[in-house]
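The structure appears right after this line, and notes come after that.
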Amino acid sequence: MIEDVRKILAPVDFSENSQKILLEAQLLAEKFKAQLVVVFVVQSIDDYSGFFVPHMPLAQFEEELLDGAQNKMKNFLAENLPDGCESAVLAGDVAFEIIDYAKGNSIDMIVMGTHGYKGLEKVLFGSVAEQVVKNSPCPVLTINPYS
Numbered sequence: 181m182i183e184d185v186r187k188i189l190a191p192v193d194f195s196e197n198s199q200k201i202l203l204e205a206q207l208l209a210e211k212f213k214a215q216l217v218v219v220f221v222v223q224s225i226d227d228y229s230g231f232f233v234p235h236m237p238l239a240q241f242e243e244e245l246l247d248g249a250q251n252k253m254k255n256f257l258a259e260n261l262p263d264g265c266e267s268a269v270l271a272g273d274v275a276f277e278i279i280d281y282a283k284g285n286s287i288d289m290i291v292m293g294t295h296g297y298k299g300l301e302k303v304l305f306g307s308v309a310e311q312v313v314k315n316s317p318c319p320v321l322t323i324n325p326y327s
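Count along the sequence shown from 1, then add 180; that gives the number in this note's numbering.
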């Protein structure tokens, strides 16, 4: 039931749109007296393997991506949620990791934007929001950051 929302997941991509979505997720968490969890997913490097070859070992490259994302998450939350919240940096297919996190962490609702970064990623990988809505184990509130 929607009134039993105790844990809200807010996936972010650190874009300007993410700031707007995070604010909405925070307001909902306060209204429901729910815990807010913010996640960022580092897109699996395997998805880009046909496009470029990094000048360092692949494992080192992925490790540096994760380290950079964790630092970015820390700064993003410090700027946007000074009181803090639970967060996680994941790696893999973005939609799959969001859904998997929700399943494995008793998430009651996902709040996410309908638009994040666009361009080549959207053409190649489709809409993350659409995949999450279709496969989520819990209700998903999508927010158009341009409205």
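Each residue gets a CB set at the ideal place from its N, CA and C atoms; glycine is no exception.
{"Item": "The stretch 285 to 292 contacting the stretch 189 to 205, beta-carbon criterion three pairs below 8 angstroms", "Value": "yes"}
{"Item": "Inter-residue spacing [alpha-carbon to alpha-carbon] between Q199 and V217", "Value": "14 angstroms"}
{"Item": "Residue range of the alpha helix (DSSP H) that includes A190", "Value": "A190 -> not in any alpha helix (DSSP H); beta strand (DSSP E) instead, spanning K187 to P191."}
{"Item": "Cβ shell of L257 (< 8 angstroms), same chain only, five flanking positions each side left out", "Value": "V218, G264, C265 and S267"}
{"Item": "Cβ contact check for the stretch 303 to 322 and the stretch 269 to 279: 3 or more pairs under 8 angstroms", "Value": "yes"}
{"Item": "DSSP three-state assignment for L261, whether helix, strand or coil", "Value": "coil"}
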